[in-house]
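Numbering (UniProt numbering), first residue to last: 1 to 260.
Even for Gly, the Cβ is constructed at its ideal location relative to N, Cα and C.
Heads up, the thing below is written out as structure tokens.
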């Protein structure tokens, strides 16, 4: 009886351990997926790319599979439909990220890129026709039809939004987040330092100019004593700190009139 209880406890412990391991593996898999949004290919399948090239070469012009050049309906053969269905499915499974394309075998990279381009044209040929535009072929003088499909324009705008607008928005957000804002007090102190330095240059005060060369133009290196400035400087600082820029502008105009 006692040994049977031990076996029961052992079974329950193993069952609990198995559930914990299963839960741990589930959490680990979920955390791994969170670090990579898309599933990466495990290896480069060169024979599949060569087979894809062979199948693409058996098809007619990719732009005129379901429609003729004049816009009339064309019915593909059963073999063509099977080939198109297989290639469209394979096109969704062969996607590689930028790192995988960069490390792709050099002798097969052109094959992959050529297949990628033709598979895109094959997929576009299945789109709905939204317009047919007649044009004259300058070489032969014949009147031909240019077919505009539903998914041609959207893909172009998606690329522009992905490669232009999104990076520009991220750059603007980073600039606004990391920019160094200057408060009104800091600006007022810099204004005072600028006026002192300008006055020292006019009067040839070498002691003040040497102090600026030694300590620089940052307000943190100086102690501000408003009593040491004349009346106009006190008023300017007061206007800056209070935000009354209109009164400060009127004061400057009044100073110019007094000098005249």
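Paired residues, beta bridge with residue i - DSSP
i, result
"residue 67", "73"
Reduced DSSP secondary structure (H/G/I, E/B, other) of residue i
i, result
"residue 80", "helix"
"residue 136", "strand"
"residue 214", "helix"
"residue 95", "coil"
"residue 108", "helix"
"residue 60", "coil"
"residue 116", "helix"
"residue 103", "coil"
"residue 222", "coil"
Length of the line joining the Cα atoms of residue i and residue j
i, j, result
"residue 114", "residue 92", "16 Å"
"residue 261", "residue 68", "Residue 261 falls outside the range modelled here, since the chain spans only 1 to 260, and no answer is possible."
"residue 300", "residue 209", "The structure shown does not extend to residue 300, since the chain is modelled only from 1 through 260, so no value can be given for it."
"residue 219", "residue 101", "54 Å"
"residue 79", "residue 95", "25 Å"
"residue 77", "residue 66", "10 Å"
"residue 49", "residue 177", "46 Å"
"residue 262", "residue 175", "Residue 262 lies beyond the residue range present for the chain, which begins at 1 and ends at 260; the question has no answer from this structure."
"residue 204", "residue 196", "12 Å"
"residue 73", "residue 116", "26 Å"
"residue 136", "residue 122", "25 Å"
"residue 104", "residue 81", "31 Å"
"residue 51", "residue 108", "13 Å"
"residue 99", "residue 63", "31 Å"
"residue 166", "residue 124", "25 Å"
"residue 190", "residue 97", "51 Å"
"residue 279", "residue 140", "Residue coverage of the chain in this structure runs from 1 to 260, which leaves residue 279 outside it and unanswerable."
"residue 217", "residue 200", "14 Å"
Cβ-based burial, residue i [other Cβ within 10 Å; buried from 16]
i, result
"residue 119", "buried"
"residue 170", "exposed"
"residue 112", "buried"
"residue 172", "exposed"
"residue 188", "buried"
"residue 193", "buried"
#### Entry: Stretch pair the segment 55-70 + the segment 84-92: three plus CB contacts closer than 8 Å
The segment 55-70 makes contact with the segment 84-92, as at least three CB pairs between them are under 8 Å.
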